[in-house]
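**Student:**
Residue numbers (the numbering used here), protein chains in the order written: chain A, 8 to 99; chain B, 8 to 99.
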């Protein structure tokens, strides 16, 4: 198989617990694009959700990654070489 | 400002009409990552939605892009240098 130069991975996963942040942090450090569904956590424990979201913003900032909400259900984290056109500008 | 080497854009938009596919096709050709919300179209006209989804799969195939559903609401299209870890594998 042909080896491609530094492919970027886009991973869509669901956060169900605060402990999931650990592996997500590793994925962010690896430069992955993450689409994180937070709805199950929001339904389980709003305080945990708040903690997770704050941690994600902090991890993203440290890693130079960009972060944005995608509707009510999801959060996008993208490495510095990806530019997010923030969904809030989707006004049409 | 420092010029970065080929940044990839990630654009989250809503498809409201079949005519939106035209600009989306241009974005796919430009190698953008697209997260397309299809819910408003699904509510308006299921036949139109089917047409749009079929066109998107065809455009993505022609452009060598990868395409995947993201829940009921959204579709991801990613250029060939981005590898999608398909959401259907999110089984935990």
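Note that beta-carbon positions come from the ideal geometry of N, C-alpha and C, so glycine has one too.
Please confirm whether any heavy atom of the ligand ZN lies closer than 7 Å to the CB of residue 23 of chain B.
**Tutor:** Annotation note on the ligand ZN: not contained in the displayed structure, which lists no ligands.
**Student:** Express the C-alpha separation of residue 44 of chain B and residue 61 of chain A in angstroms, rounding to a whole number.
**Tutor:** Using only the alpha carbons, I get a separation of about 26 Å.
**Student:** When you compare only the Cα positions, how much space is there between residue 55 of chain A and residue 27 of chain A?
**Tutor:** 12 Å
**Student:** Give me the residue from A/21, A/36, A/33 and A/72 with the minimum Cα distance to residue 47 of chain A.
**Tutor:** Comparing alpha-carbon positions, the option among A/21, A/36, A/33 and A/72 lying closest to residue 47 of chain A turns out to be A/21.
**Student:** Is residue 27 of chain A helix, strand or coil by DSSP?
**Tutor:** helix
**Student:** Expressed to the nearest angstrom, what Euclidean distance is found between the alpha-carbon atoms of residue 58 of chain A and residue 81 of chain A?
**Tutor:** Those two C-alpha atoms are separated by around 15 Å.
**Student:** Let me make sure I understand the geometry here. Which of B/51, B/64 and B/13 has the alpha-carbon closest to that of residue 132 of chain B?
**Tutor:** Summary: the structure shown does not reach residue 132 of chain B, with chain B confined to residues 8 through 99, and so no result is reported for it.
**Student:** What three-state label does DSSP hand residue 67 of chain A in the structure shown?
**Tutor:** Reduced to three states, the DSSP call for residue 67 of chain A is helix.
**Student:** Taking 8 Å as the CB-CB cut-off, is residue 14 of chain B touching chain A?
**Tutor:** yes
**Student:** Does DSSP put residue 35 of chain B in a helix, in a strand, or in coil?
**Tutor:** helix
**Student:** Is residue 32 of chain A close to chain B, meaning its C-beta is less than 8 Å from at least one C-beta of that chain?
**Tutor:** no
**Student:** Could one say the Cβ of residue 91 of chain B lies closer than 8 Å to chain A's Cβ atoms, at least one of them?
**Tutor:** Yes - at least one Cβ of chain A is within 8 Å of the one on residue 91 of chain B.
**Student:** Candidates B/15, B/83, B/41 and B/24: which alpha carbon is nearest residue 52 of chain B's?
**Tutor:** Distance check between residue 52 of chain B and each of B/15, B/83, B/41 and B/24 places B/24 closest, using alpha-carbon atoms only.
**Student:** Less than 8 Å between the C-beta atoms of residue 89 of chain B and residue 75 of chain B, yes or no?
**Tutor:** no
**Student:** From the DSSP output, in three-state form, read off residue 49 of chain B for me.
**Tutor:** helix
**Student:** In whole angstroms, what is the alpha-carbon distance linking residue 14 of chain B and residue 70 of chain B?
**Tutor:** 18 Å
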